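J.: Structure in structure tokens, see below.
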Amino acid sequence: MSGGRNLNRQDRYWGRRDGAAQEEQEYGKDCDRIIFSSAFRRLSGVTQVVPGAMETSLFHNRLTHSLKVGQVSRIITRRVRELYEDHRRIKVALDRFGGKPDSRVAFAASIAHDLGHPPFGHIAEEALKQLLSPGHPTSYHDARYHLPDTFEGNAQTFRIVTRLAFRETVNPRKDAALNLTKATLAGIAKYPWRRLQDLPDDKELKSRQQKKWNAYESERHLLDYAMNGIAPRQATFHNTARYEFRSMEAQIMDWSDDISYAIHDVEDFYRAGIIPLDLIATSSAHFDEFFNYAWPRLENTLALVGMDGDEARKTFDVLRARRFPQNPYQGYRRDRETLHKFASEFIGDATAGTTVTEDGLLLPDRESFANTEILKELTWFYVIDRPSLSSAQRGQAELIRDLFDALRHWVEEMYSKPGGRGVGYTNSNLPPRLVEYVDIALRQEDEGAANYSTQQRVSRAVTDYIVALTESQAVELGARLSGRTSRSILENWFHM
Numbered sequence: 008m009s010g011g012r013n014l015n016r017q018d019r020y021w022g023r024r025d026g027a028a029q030e031e032q033e034y035g036k037d038c039d040r041i042i043f044s045s046a047f048r049r050l051s052g053v054t055q056v057v058p059g060a061m062e063t064s065l066f067h068n069r070l071t072h073s074l075k076v077g078q079v080s081r082i083i084t085r086r087v088r089e090l091y092e093d094h095r096r097i098k099v100a101l102d103r104f105g106g107k108p109d110s111r112v113a114f115a116a117s118i119a120h121d122l123g124h125p126p127f128g129h130i131a132e133e134a135l136k137q138l139l140s141p142g143h144p145t146s147y148h149d150a151r152y153h154l155p156d157t158f159e160g161n162a163q164t165f166r167i168v169t170r171l172a173f174r175e176t177v178n179p180r181k182d183a184a185l186n187l188t189k190a191t192l193a194g195i196a197k198y199p200w201r202r203l204q205d206l207p208d209d210k211e212l213k214s215r216q217q218k219k220w221n222a223y224e225s226e227r228h229l230l231d232y233a234m235n236g237i238a239p240r241q242a243t244f245h246n247t248a249r250y251e252f253r254s255m256e257a258q259i260m261d262w263s264d265d266i267s268y269a270i271h272d273v274e275d276f277y278r279a280g281i282i283p284l285d286l287i288a289t290s291s292a293h294f295d296e297f298f299n300y301a302w303p304r305l306e307n308t309l310a311l312v313g314m315d316g317d318e319a320r321k322t323f324d325v326l327r328a329r330r331f332p333q334n335p336y337q338g339y340r341r342d343r344e345t346l347h348k349f350a351s352e353f354i355g356d357a358t359a360g361t362t363v364t365e366d367g368l369l370l371p372d373r374e375s376f377a378n379t380e381i382l383k384e385l386t387w388f389y390v391i392d393r394p395s396l397s398s399a400q401r402g403q404a405e406l407i408r409d410l411f412d413a414l415r416h417w418v419e420e421m422y423s424k425p426g427g428r429g430v431g432y433t434n435s436n437l438p439p440r441l442v443e444y445v446d447i448a449l450r451q452e453d454e455g456a457a458n459y460s461t462q463q464r465v466s467r468a469v470t471d472y473i474v475a476l477t478e479s480q481a482v483e484l485g486a487r488l489s490g491r492t493s494r495s496i497l498e499n500w501f502h503m
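Those letters in the sequence shown? Residues 8 to 503, per the numbering used here, in order.
Structure representation (structure tokens):
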């Protein structure tokens, strides 16, 4: 990650540009490639919080969430570009770290950011991470299949757009994937490092690195390419010094995701009668019960903006008094109008208060940052930390582990048959997409992947395939592999 201004943000790793296209066309092509990919279409079958929510139009799924993150990113980008034109201090800061952000790059990064999100969400992500982690109590029983960089949803997103996604291409390499511009790849990198990468000796940074990373070792050269020209630097987030590695578009995507995630989950569960926004707005007892639960989870996060419990409570008091619906949701037009007004005004407040520091850091205002974090906790209190969801999540984690074991055995059985060994083997009864992923993993000889054993490559390919499933496909495949399905054996979704 070298310093200096990046002058070739529109270049692509596999070929510098597509013909004589201008920069704006290049970024537009990135959006097209993501939207028309099957990986993006899959997100309609992956839910935000509640499993099986694809059975009703009430809840957001990962596709609608991603589109709304993209729209919020456009609003924030417009805000930052206005600041660039109106404030010399901000212009100087942005010019040091890449110039004005581009709304198409921010939008492309936003709609791509959840592509690596597995079926069943964070519980499945944690199950895969534990399964592949050496030394974890629930890791896979055969240590040959463990991976040093395990699983991470953001790293999986990066692998999908750089290695796995399919599109028509003139490049002879099968794994050029979407071949996105350098700017969009950097914009996707919310955590622009690898798990095993040497980073500055900083406790907070090392803690972040162990929890989140944006590339596996097999894609290290592609992440290095994306981040070349973006200077790591010390920056100040309100009262807190921190290292900043991200491009401006990545920061915009990250804040847009936080805003959208907070407001749209609350919207969904208020409509469903699960989060009582009206009682939180009007009843001190309801609010106190929630806040007493949430504060231990919020304390360290809000310390980043120098906010203690009393100030956080007062800040949220203003939001719930001014913005929250005052009546239960019953589905009438006035209810829908009130809810849309709440969401619109919350997004407007959060985006309008955003600025840029002299260190090139996107800076939400303290109140919006705090309110966003507190809104997220409403979903945890009323939905996630409830027995009904917890019991379902245990079953989903077990399903993911069973799928990994069954698919791993199936792959090795097919590839060990006479005539079935080696790259390019397609005359098997494996799902075609799984065959493609195994081939990609087996033939990969890039720096970082060369030291993977055959078993580790199978692990990565099987994980790639599991993440490519929708939730309903994961359930059906698990039933088929265990002999419990009651559906037709002639269904063709395996080939999609």
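Backbone N, C-alpha and C define an ideal beta-carbon position, used for all residues, glycine too. Computed from a predicted structure; not experimentally measured.
Which residues in the same chain as His67 place their Cβ atom closer than 7 angstroms to its Cβ, once the five residues preceding and following it in sequence are excluded?
T.: Excluding sequence neighbours, His67 sits near Gln55, His271, Asp275.
J.: Compute the beta-carbon to beta-carbon distance between Ala193 and Ala233, rounded to the nearest angstrom, for a pair I have assumed lies under 8 angstroms.
T.: 5 angstroms
J.: Using DSSP with H/G/I as helix, E/B as strand and the rest coil, what is Ala242?
T.: strand
J.: If you count every other CB in all the chains shown that lies within 10 Å of the CB of Arg95, and 16 or more means buried, which is it?
T.: exposed
J.: How many Å lie between Leu229 and Ile41 at the Cα?
T.: 18 angstroms
J.: Of all the options Ala46, Thr169, Glu419, Phe353, which has the alpha carbon lying nearest to the alpha carbon of Ile266?
T.: Phe353
J.: Return the CA-CA distance between Asn206 and Phe331, expressed in angstroms with no decimal places.
T.: In the sequence as displayed, the identity of residue 206 is Leu instead of Asn. Taking the straight line from one Cα to the other gives about 43 angstroms.
J.: Identify every residue that forms a DSSP beta bridge with Tyr250.
T.: DSSP lists Gln241 as the bridge partner or partners of Tyr250.
J.: Pop quiz: His153 and Pro141 are said to be a contact at Cβ under 8 angstroms. What is the actual Cβ separation, rounded to whole angstroms?
T.: 4 angstroms
J.: Contact defined as beta carbons within less than 8 angstroms: I believe Cys38 pairs with Arg111. What is the distance between those atoms, to the nearest angstrom?
T.: 6 angstroms
J.: Nearest-angstrom Cα distance between Asn307 and Ile391?
T.: 20 angstroms
J.: Any contact between the region 296-303 and the region 384-403? By contact I mean 3 or more CB pairs, one from each, below 8 angstroms.
T.: Look at the beta carbons and you see the region 296-303 touching the region 384-403: at least three pairs across the two are nearer than 8 angstroms.
J.: Report the three-state DSSP secondary structure of Thr145 (helix, strand or coil).
T.: Coil.
J.: Identify, in the order they occur along the chain, each residue of the same chain with its Cβ nearer than 6 angstroms to the Cβ of Leu406, setting aside the five sequence neighbours on each side.
T.: Gly485
J.: According to DSSP, simplified to helix, strand and coil, what is Val515?
T.: Since the first residue of the chain shown is 8 and the last is 503, residue 515 is not available in this structure.
J.: Compare the Cα-Cα distances from Ile447 to each of Val87, Phe173, Lys107, Ser146 and report the closest residue.
T.: Phe173
J.: 9 angstroms is my cut-off, CB to CB: does Glu380 come that close to chain D?
T.: The structure shown contains no chain D; it holds only a single protein chain.
J.: Check Arg19 in the structure and name its three-state DSSP category.
T.: strand
J.: Put Asn68 into one of helix, strand or coil per three-state DSSP.
T.: strand
J.: Suppose the cutoff is 7 angstroms on Cβ atoms and the five residues either side in sequence are ignored; what does the same chain contact list for Tyr250 look like?
T.: Pro207, Asp209, Leu212, Pro239, Gln241
J.: My output table needs one value for Ala222: the three-state DSSP class, helix, strand or coil.
T.: strand
J.: Closer than 6 angstroms by C-beta to Asn246: which residues in its own chain qualify, once you throw out the five before and the five after it? Chain order, please.
T.: Gly313
J.: CB Ala319 to CB Ala377, shorter than 9 angstroms?
T.: The answer is yes: Cβ separation under 9 angstroms.
J.: Considering Cα atoms alone, identify which of Phe244, Ile130, Ile118 is closest to Ala310.
T.: Ranking Phe244, Ile130, Ile118 by CA distance to the CA of Ala310 puts Phe244 first.
J.: Alpha carbon to alpha carbon, how far is Asp231 from Pro126?
T.: 29 angstroms
J.: Smallest Cα separation from Trp262: which of Ser375, Ser460, Pro394?
T.: Ser375
J.: Do Phe43 and Leu122 have their C-beta atoms closer together than 9 angstroms?
T.: No; because the gap between Cβ atoms is not below 9 angstroms, this pair is not in contact.
J.: Helix, strand or coil for Leu370? Go by DSSP, reduced to three states.
T.: strand
J.: Would you report the Cα separation of Glu296 and Arg278, rounded to the nearest angstrom?
T.: 21 angstroms
J.: Taking all protein chains shown into account, decide if Asp156 is buried (16 or more other Cβ within 10 angstroms of its Cβ) or exposed.
T.: By the 16-neighbour rule on beta-carbons within 10 angstroms, Asp156 is buried.
J.: Grab the span of the alpha helix (DSSP H) containing Gly194 for me, first residue to last.
T.: 189-195
J.: CB Ala413 to CB Leu441, shorter than 9 angstroms?
T.: no
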